[in-house]
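Colleague: In terms of the numbering used here, the sequence shown opens at residue 53 and continues consecutively.
Just so it is clear, CB atoms sit at the ideal spot from N, CA and C, and this is done for glycine as well.
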Amino acid sequence: MRKQTINLGFIGLGTVGCGALEVLRRNEEHIAQRLGARLQVTRAAVRRVEKPRPVSLEGIAVSADGWEVVNDPHLDIVVEVVGGVVAAREFVFGAVRRGKHVVTTNKELIAKYGRELFAEARERGVDVCFEGSVAGGIPIIHPLRESLAGNQIQELMGIVNGTTNYILTKMKREGMSFEDALREAQARGYAEANPTDDIEGHDAVYKLAILSTIAFDTPIRVEDIYREGISQVAVEDLRYADELGYEIKLLAIAKHEQGVLELRVHPALIPQEHPLAAVSEVFNAIFVRGNAVGDVMFYGQGAGALPTGSAVVGDILDIARNILHGCTGRVPLVNGPERPVRPMEEVTCSYYLRTRVTDRPGVLAAISTILGEERVSVALMRQQLAEAGTAEIVWVTHPVQERNLRRALARIEQLDVVREINSLIRVEALKTGKAG
Ligand SMILES: NC(=O)c1ccc[n+]([C@@H]2O[C@H](COP(=O)([O-])OP(=O)(O)OC[C@H]3O[C@@H](n4cnc5c(N)ncnc54)[C@H](OP(=O)(O)O)[C@@H]3O)[C@@H](O)[C@H]2O)c1
């Protein structure tokens with residue numbers, strides 16, 4: 053007989069755990085009708101059992117031991133919303149090895165151990181779903197794995213970290229320094245007390261590793277991805293970028309060209325007319341180009357209790373349907389071979405450069421000579437008087453290999469008229485594509 057009830061256990065009842073529980077409670081009847089069965093949370097584990105939660109825990113046996121969830125033989129699905137990779141990893145692997153399906157929102161876990169985990173899940177015939185691990189409430193994993201699976205994905209480019217997007221938005225709109233904008237993000241709960249993972253781009257790297265693994269059907273290691281954070285972006289850069297018709301965003305970029313991948317996370321100038329330029333505050337968006345669909349963009353709330361809860365409940369429903377139809381373990385994480393990743397010095401980009409020089413005749417000519425000799429062609433240049441006796445020069449180059457640009461910069465830095473190279477930021481001028 054068809055199952056009437058699917059039993060769920062939660063490990064973690066923090067922001068996401070309580071958010072998902074709230075979605076299950078609020079939409080209970082609607083979900084039961086859609087599924088044709090009931091979802092029932094019977095067990096949960098947290099660190100501090102006595103801590104009050106913003107959602108009713110009626111009918112749920114709560115303990116301080118995650119293994120009580122993993123070992124409960126009545127559970128069909130375990131939802132891991134603990135975070136970190138130490139205890140969470142043990143719980144997730146433990147659940148899969150006991151034949152339980154898993155829903156997780158843990159990007160670091162999936163990015164670092166996804167390959168191992170999915171091999172294990174395949175062997176046990178269970179599903180592991182992780183929609184909430186990238187861009188919170190925005191559906192992007194399912195679309196890439198299923199709706200867009202008939203495409204060859206050529207590139208994807210996303211704003212996948214709300215904290216850094218909020219900071220850059222504040223710096224741009226209110227002229228705040230990076231430090232002040234970070235403090236405000238922390239005061240509003242958008243940034244952790246230790247914000248390194250967000251600010252230095254690690255969080256975006258985990259997300260890009262997950263997205264590109266699925267998009268290009270190839271195993272991607274976190275170490276394959278070039279990473280730069282936003283701590284070096286100054287208010288002046290945002291102002292100059294604006295004057296030039298650009299926004300500065302922390303972008304996660306993945307491209308596939310003739311079997312070779314380009315994978316990078318760094319701040320970049322994008323034209324103000326590009327759809328990603330309008331993504332501000334804590335919002336996230338992912339732009340995908342497929343060889344059949346053309347360009348598509350996914351936009352929404354990249355974090356928060358209910359948006360991420362929505363993704364978790366979507367995954368639970370997906371697995372529950374598979375259980376009800378006896379067809380779990382259908383979609384593997386990766387089937388394709390490994391692909392080479394282009395080293396950063398061979399990547400071709402345009403660059404924005406801000407330099408401070410001595411204000412005297414011949415400076416521009418000296419710099420231009422070096423740029424010419426290193427085959428760096430300048431698309432645009434602005435000069436502005438700065439403090440006594442110095443000028444600030446902003447350059448935007450035509451596309452050039454990073455290796456050539458680095459060589460030119462090393463020589464320019466040696467010129468006695470060059471006081472400082474303040475900023476070097478890549479420019480992503482995305483061409484609008486058509487299917488073909
Ligand atoms: N917050 C978001 O908007 C968001 C969005 C997307 C993805 N995520 C990811 O979702 C996961 C959870 O994030 P969150 O913001 O919900 O974290 P959180 O608010 O810190 O909640 C973590 C929960 O795990 C419990 N916990 C911690 N260690 C445990 C252990 N050893 N055994 C049992 N329970 C334990 C905590 O218990 P106590 O409550 O008793 O301390 C808490 O309930 C992370 O992987 C995060 O990266 C979060």
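For Asn474, which of helix, strand or coil comes out of DSSP?
Modeller: Reduced to three states, the DSSP call for Asn474 is strand.
Colleague: When the Cα of Phe335 is compared with those of Leu315, Leu302, Glu309, which residue comes out closest?
Modeller: Cα-wise, what sits closest to Phe335 is Leu302.
Colleague: When DSSP labels each residue in this structure, what does Cys401 get in the three-state scheme?
Modeller: If DSSP states are grouped into helix, strand and coil, Cys401 belongs with the strands.
Colleague: I need the DSSP call for Phe268, collapsed to helix, strand or coil.
Modeller: The answer is coil: DSSP assigns Phe268 none of H, G, I, E or B.
Colleague: Taking 7 Å as the cut-off, does the CB of Lys55 come closer than this to any heavy atom belonging to ligand 1?
Modeller: Answer for Lys55: no, Cβ out of range of ligand 1.
Colleague: Does DSSP put Asn59 in a helix, a strand or coil?
Modeller: Residue state, collapsed to three classes: strand.
Colleague: What are the boundary residues of the alpha helix (DSSP H) that Asn336 is part of?
Modeller: Looking at the DSSP string, Asn336 is not in any alpha helix (DSSP H); the run it does join, the beta strand (DSSP E), is 335 to 342.
Colleague: Can you give the Cα-Cα distance for Ala72 and Ser362, rounded to whole angstroms?
Modeller: Approximately 6 Å, taken between the alpha carbons.
Colleague: Could you check the C-alpha separation between Gly485 and His326 for me, to the nearest Å?
Modeller: Interpretation of Gly485 is limited by its pLDDT of 40, a score under 50 that renders its predicted location unreliable; no figure is taken from the coordinates.
Colleague: Quick one: using the 10 Å Cβ neighbour count with 16 as the cut-off for buried, is Thr215 buried or exposed?
Modeller: When all chains shown are included, Thr215 counts as buried.
Colleague: Apart from the five residues on each side of it in sequence, which residues of its chain come closer than 6 Å, Cβ to Cβ, to Arg90?
Modeller: These residues qualify, in order along the chain: Thr57, Ala84.
Colleague: Can you list the beta strand (DSSP E) stretches of 3 or more residues lying completely in the stretch 400 to 461, in chain order?
Modeller: Within the stretch 400 to 461, the complete beta strand (DSSP E) runs of at least 3 residues are 400 to 410, 430 to 437, 442 to 449.
Colleague: Under a three-way DSSP split, which group does Thr156 fall into?
Modeller: It is a strand residue.
Colleague: Compare the C-alpha of Ile207 against each of Glu244, Leu196, Asn217 and name the closest.
Modeller: This sequence places Glu at residue 207; Ile is not what is there. Answer by Cα proximity: Leu196.
Colleague: On the criterion of 16 or more Cβ atoms from any shown chain inside 10 Å, does Ser429 qualify as buried, or is it exposed?
Modeller: It counts as exposed.
Colleague: Return the Cβ separation of Arg471 and Val409 in integer angstroms, given the expectation that the two are a contact with Cβ distance under 8 Å.
Modeller: At roughly 6 Å, the Cβ-Cβ gap stays under 8 Å, so Arg471 and Val409 are in contact.
Colleague: CB of Ala97 to nearest heavy atom of ligand 1: below 7 Å?
Modeller: The answer is yes for Ala97.
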